[in-house]
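Student: Okay, handing you the structure first.
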Amino acid sequence: MSVKKRTILLLEDDAVQVLLFQGLATDVNDNVVSANNVYDAIHVLKTSTVAACVVDLGVYRRFKDYKADAGIEFITEARKIGDAGMPILVVTTSRDPSTLIPCFEAGCDDYVLKDEGVHGAVDRLKMWLKSMPIPPATMRSKRTEVLAAL
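In this text, residue positions in the sequence shown follow the numbering used here: the first is 72, and each later residue adds one.
Structure follows, in structure tokens:
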């Protein structure tokens with residue numbers, strides 16, 4: 072009996088990081104679809120059933136239009152069009168509240184520091200996938216708790 076693979080959307084503009092993530096994510100038997108800009112990532116969400124997203128904050132909005140917080144734009148749009156129970160994980164260099172608060176306000180559910188490496192992101196993703204399905208109300212409640220703590 073074959074197991075249906077879930078689609079994981081990776082918004083990352085570094086090709087090496089994409090390859091590393093795809094290689095490690097095969098352990099969770101999921102299909103990783105990558106996009107290197109917000110425009111293409113939104114297209115994936117609109118045309119596919121995505122189980123979870125891993126988002127680098129500093130990516131391209133469109134080709135050659137880099138923005139340090141374009142990932143937040145993606146999160147905001149993803150919450151409008153994606154499954155409300157879909158976890159969104161942010162990959163960031165900072166644990167600073169001034170970086171994290173906008174992410175959680177936009178709708179992210181968790182974050183991983185870049186210095187934890189790709190393994191850290193994959194491990195955190197596995198944790199979320201094991202918990203699925205997660206009711207949207209529970210997701211919103213957890214985001215509110217994190218925002219209060221930040």
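We put the beta carbon where it would ideally sit given N, CA and C, even for glycine.
Helix, strand or coil: which one does DSSP assign to D167?
Tutor: Coil.
Student: Leaving aside the five residues before and after I146 along the sequence, list all residues of the same chain whose C-beta is less than 7 Å from its C-beta, in chain order.
Tutor: V126, I159, C174, A177, G178, C179
Student: L184 and T163 look like a contact to me (Cβ under 8 Å); what is the Cβ gap, rounded to whole Å?
Tutor: 6 Å
Student: Mark S105 as exposed unless 16 or more other C-beta atoms lie within 10 angstroms of its C-beta, in which case mark it buried.
Tutor: Within a 10 Å sphere around the beta-carbon of S105 sit 16 or more other beta-carbons, which makes this residue buried.
Student: Kindly list the residues whose CB is nearer than 7 Å to the CB of T120, restricted to its own chain and excluding five residues on each side of it in sequence; keep chain order.
Tutor: T78
Student: Using beta-carbon positions only, say whether V103 and L81 come within less than 7 Å of one another.
Tutor: yes
Student: State the DSSP-derived secondary structure class of M72, mapped to helix, strand or coil.
Tutor: Caution applies to M72, whose pLDDT of 47 falls short of 50 and renders its modelled position unreliable; the model cannot decide the point.
Student: Kindly indicate which three-state DSSP category C174 falls into: helix, strand or coil?
Tutor: Helix at C174.
Student: Within its chain, find whatever has a CB closer than 8 Å to the CB of L128; leave out the 5 residues flanking it on each side and keep chain order.
Tutor: A139, D140, A141, G142, I143, V161, V162, T163, T170, C174
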